[in-house]
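Structure first, then comments.
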Amino acid sequence: MDLSRQLKNAIATGNLLFGQRQTTASCDNGTAKLVVVAANCPESYTTKLRATHPEVTMFRSNMVNRELGIACGKPFSVSTIAVIEAGDSDLLTLDSNVE
Numbered sequence: 098m099d100l101s102r103q104l105k106n107a108i109a110t111g112n113l114l115f116g117q118r119q120t121t122a123s124c125d126n127g128t129a130k131l132v133v134v135a136a137n138c139p140e141s142y143t144t145k146l147r148a149t150h151p152e153v154t155m156f157r158s159n160m161v162n163r164e165l166g167i168a169c170g171k172p173f174s175v176s177t178i179a180v181i182e183a184g185d186s187d188l189l190t191l192d193s194n195v196e
């Protein structure tokens with residue numbers, strides 16, 4: 098799966114939230130279906146999020162935060178993305194690869 102293409106598709110047709118604060122908030126209120134984390138996202142953040150929200154699928158991208166921001170068409174680095182609605186993308190078919 099081409100993650101960059103699927104992210105662009107989800108941004109155009111779905112609902113995504115960017116950043117650690119918004120991702121944590123969406124997990125807390127139960128709206129996040131998938132969390133995509135950058136390759137260089139702090140391990141402490143992913144471990145804590147995994148421990149507090151084991152029901153949310155977490156996928157670690159092989160792109161660092163700057164590349165993830167570019168893939169999303171954002172002028173800033175993106176360390177985490179919460180997928181609320183995937184739209185026409187296949188993002189929700191990703192399996193968890195964060196332990």
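Counting from 98, one number per residue, gives the positions in the sequence shown under my numbering.
Glycine included, every Cβ here is placed at the ideal spot set by N, Cα and C.
- DSSP, reduced to helix, strand and coil, places residue 168 within a helical segment of the structure shown.
- Ranked by Cα distance from residue 103, the first of 186, 135, 169 is 186.
- Between the alpha carbons of residue 115 and residue 194 lies a distance of about 20 Å.
- In the displayed model, residue 137 falls within coil according to three-state DSSP, outside both helix and strand.
- Under the three-state reduction of DSSP, residue 148 is assigned to helix.
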